[in-house]
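Participant: In my numbering, the protein residues as written are 376 to 677.
1. Decide yes or no for the touch test of the segment 494-501 against the segment 509-527: beta carbon pairs closer than 8 Å, at least 3 of them.
2. Are there 16 or more other CB atoms within 10 angstroms of the CB of residue 527, so buried, or fewer, so exposed?
3. Does DSSP put residue 477 in a helix, in a strand, or in coil?
4. Report yes or no: do the segment 409-418 and the segment 666-677 share at least 3 C-beta pairs separated by less than 8 Å?
5. Do residue 543 and residue 555 have their C-beta atoms within less than 8 Å of each other?
6. For residue 570, count neighbouring C-beta atoms within 10 Å of its own C-beta (all shown protein chains included) and say buried if the count is 16 or more, exposed if not.
7. Would you give the residue range spanned by the beta strand (DSSP E) that residue 569 belongs to?
8. Measuring straight from C-alpha to C-alpha, what distance separates residue 642 and residue 411?
9. Can you find the residues in the same chain that come closer than 6 Å, C-beta to C-beta, to residue 638, ignoring five residues on each side of it along the sequence?
10. With a threshold of 16 other CB atoms inside 10 Å of the CB of residue 452, please say whether the residue is buried or exposed.
11. Tell me the rounded alpha-carbon separation between residue 396 and residue 636.
12. Kindly list the residues whose CB is nearer than 6 Å to the CB of residue 591, restricted to its own chain and excluding five residues on each side of it in sequence; keep chain order.
13. Taking the alpha-carbon positions, what's the residue 540 to residue 502 distance?
14. Establish whether the CB of residue 640 and some CB of chain D are separated by less than 8 Å.
15. For residue 615, which option in 435, 662, 440 and 513 has the closest C-alpha, if you only look at C-alpha atoms?
16. Spell out the partners DSSP gives residue 636 in its beta bridges.
17. Could you tell me the distance, in whole angstroms, from the CA atom of residue 580 to the CA atom of residue 604?
18. Which residue marks the beginning of the beta strand (DSSP E) containing residue 612, and which one marks its end?
19. Check each candidate in 530, 537 and 562 and name the one with the smallest Cα separation from residue 552.
20. Are the CB atoms of residue 429 and residue 447 within a distance shorter than 8 Å?
21. Which value, in whole angstroms, describes the spacing of the CA atoms of residue 515 and residue 463?
22. Looking only at its chain, what residues have a beta carbon closer than 6 Å to the beta carbon of residue 504, apart from the 5 residues adjacent to it on each side?
23. By Cβ distance below 8 Å, which residues in the same chain neighbour residue 613 in space, the five residues on each side in sequence not counted?
24. Quick check: the Cα distance between residue 470 and residue 655, rounded to an integer number of angstroms?
25. Taking the alpha-carbon positions, what's the residue 373 to residue 522 distance?
26. Would a C-beta distance cut-off of 8 Å place residue 423 and residue 660 closer than the cut-off?
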């Protein structure tokens with residue numbers, strides 16, 4: 376290999392600078408409306424096995440991760456520092472959705488059991504909730520007043536549930552909807568739900584349940600279109616929707632008007648590969664769980 380002369384040094388510096396810009400741009404894509412912050416791949420001694428769902432505690436800002444492969448929950452503090460691993464003494468099985476109510480009690484869907492398990496860590500108690508009328512427990516969601524909502528995967532019905540095992544029907548699925556993969560309770564009592572097979576987002580109820588139902592979503596691979604939307608969350612007056620097959624996060628206003636999208640497909644940090652869950656916190660951070668990389672990517676709107 377020839378020796379690099381002094382005349383070559385400026386070109387070498389320029390080349391390194393261009394390479395650095397390429398690496399940074401590769402994480403989120405040139406012109407993306409978000410800033411990449413961090414990646415989370417598991418705890419200090421254990422990588423995620425098959426992470427399936429996220430929950431952000433609105434009171435503490437802590438992040439909880441359901442891992443169906445490791446049969447446990449992981450927790451991280453507001454600075455994304457690893458805290459603990461919880462597996463109910465080895466009894467937890469395939470957790471696929473979770474919420475934590477204002478009293479610190481957890482509701483966890485255990486898919487292989489077909490049950491919702493209620494954990495009260497203060498009293499160190501746990502019990503399976505026999506929810507009358509619910510055939511196949513699906514996604515859980517926490518309302519702004521601490522209400523716990525659950526969708527039945529068999530018919531799209533939405534229930535409110537509590538630790539006493541009561542399941543009160545709240546909303547029925549709209550025509551055309553079959554099974555919801557995620558829920559987000561909106562600011563006016565409405566519930567937004569995403570149906571991956573119908574490739575649509577639905578707004579149900581609100582304002583005394585008299586609000587006009589709404590659905591939106593255009594099938595396709597272009598900007599603002601859905602191929603396989605699987606998760607959604609609210610961020611201020613915006614909805615964020617994760618499209619697993621487009622490897623994108625799409626933003627809409629609460630009436631369904633498309634605003635922007637972001638995501639660059641790939642396996643590297645800051646890139647998206649089959650995102651299956653999206654959540655946002657009060658700091659403007661966006662957490663995206665990727666099935667393809669078994670990693671959480673954290674972004675922020677500038």
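Every residue, glycine too, gets a C-beta built ideally from N, C-alpha and C.
Facilitator: Reading from the atomic positions:
1. Cβ pair count under 8 Å is below three, so no.
2. As a working note, residue 527 is residue 152 in the chain shown. It counts as buried.
3. Walking along the chain shown from the start, residue 477 turns up at place 102. Note: residue 477 maps to coil in three-state DSSP.
4. A contact exists between the segment 409-418 and the segment 666-677.
5. Your numbering for residue 543 matches position 168 in the chain shown. Your numbering for residue 555 matches position 180 in the chain shown. In this structure, residue 555 does not lie closer than 8 Å to residue 543 by Cβ.
6. On the chain shown, position 195 is the one that residue 570 refers to. By the neighbour-count rule (16 or more Cβ atoms within 10 Å), residue 570 is buried.
7. Numbered from 1 along the chain shown, position 194 holds the residue referred to as residue 569. Per DSSP, residue 569 belongs to the beta strand (DSSP E) from 566-570.
8. For this step, residue 642 is matched to residue 267 along the chain shown. For this step, residue 411 is matched to residue 36 along the chain shown. Their backbone Cα atoms lie some 14 Å apart in a straight line.
9. In the chain shown, counting from the first residue as 1, residue 638 sits at position 263. For residue 638, where only same-chain residues beyond five positions count, the Cβ hits under 6 Å are 622, 623, 624 and 647.
10. In the chain shown, the residue the question calls residue 452 occupies position 77. Exposed: under 16 other Cβ atoms inside 10 Å.
11. Position 21 of the chain shown, counted from the first residue, corresponds to residue 396. Position 261 of the chain shown, counted from the first residue, corresponds to residue 636. Unreliable placement is indicated for residue 396, whose pLDDT of 36 sits below 50; the coordinate value is still reported in the next sentence. About 21 Å.
12. Here the question's residue 591 lines up with position 216 in the chain shown. Same-chain partners within the cutoff: 576 and 631.
13. Indexing the chain shown from 1 puts residue 540 at position 165. Indexing the chain shown from 1 puts residue 502 at position 127. Each residue's Cα considered, the two are about 9 Å apart.
14. In the structure shown, chain D cannot be found, because there is only a single protein chain.
15. The count along the chain shown starts at 1 and reaches residue 615 at position 240. Of the candidates 435, 662, 440 and 513, the one whose C-alpha sits nearest the C-alpha of residue 615 is 662.
16. Indexing the chain shown from 1 puts residue 636 at position 261. Residue pairing from DSSP places residue 636 in a beta bridge opposite 625.
17. In the chain shown, the residue the question calls residue 580 occupies position 205. In the chain shown, the residue the question calls residue 604 occupies position 229. Going by the C-alpha atoms only, they are around 21 Å apart.
18. As a working mapping, residue 612 is identified with position 237 in the chain shown. Neither: residue 612 is in no beta strand (DSSP E) and is coded neither H nor E.
19. If you number the chain shown from 1, residue 552 lands on position 177. It is 530 whose Cα lies nearest to the Cα of residue 552.
20. For the purposes of this step, residue 447 is taken as the residue at position 72 of the chain shown. For the purposes of this step, residue 429 is taken as the residue at position 54 of the chain shown. Judged by their CB atoms, residue 447 and residue 429 are not nearer to each other than the 8 Å cut-off.
21. Locating residue 515 in the chain shown gives position 140, counting from the first residue. Locating residue 463 in the chain shown gives position 88, counting from the first residue. Rounded to the nearest whole angstrom, the C-alpha separation of residue 515 and residue 463 is 19 Å.
22. Taking the first residue of the chain shown as position 1, residue 504 is located at position 129. For residue 504, where only same-chain residues beyond five positions count, the Cβ hits under 6 Å are 491, 493 and 540.
23. Sequence index remark: in the chain shown, residue 613 carries index 238 (1-based). Beyond the five residues adjoining it in sequence on each side, residue 613 comes within less than 8 Å, by CB distance, of 626, 627, 628, 629 and 634 in the same chain, given in chain order.
24. Residue numbering aside, residue 470 sits at position 95 when the chain shown is read from its first letter. Residue numbering aside, residue 655 sits at position 280 when the chain shown is read from its first letter. Taking the straight line joining both Cα atoms gives about 21 Å.
25. Since the first residue shown for the chain is 376 and the last is 677, residue 373 is missing from the structure and cannot be characterised.
26. Within the chain shown, numbered from 1, the residue matching residue 423 stands at position 48. Within the chain shown, numbered from 1, the residue matching residue 660 stands at position 285. No; because the gap between Cβ atoms is not below 8 Å, this pair is not in contact.
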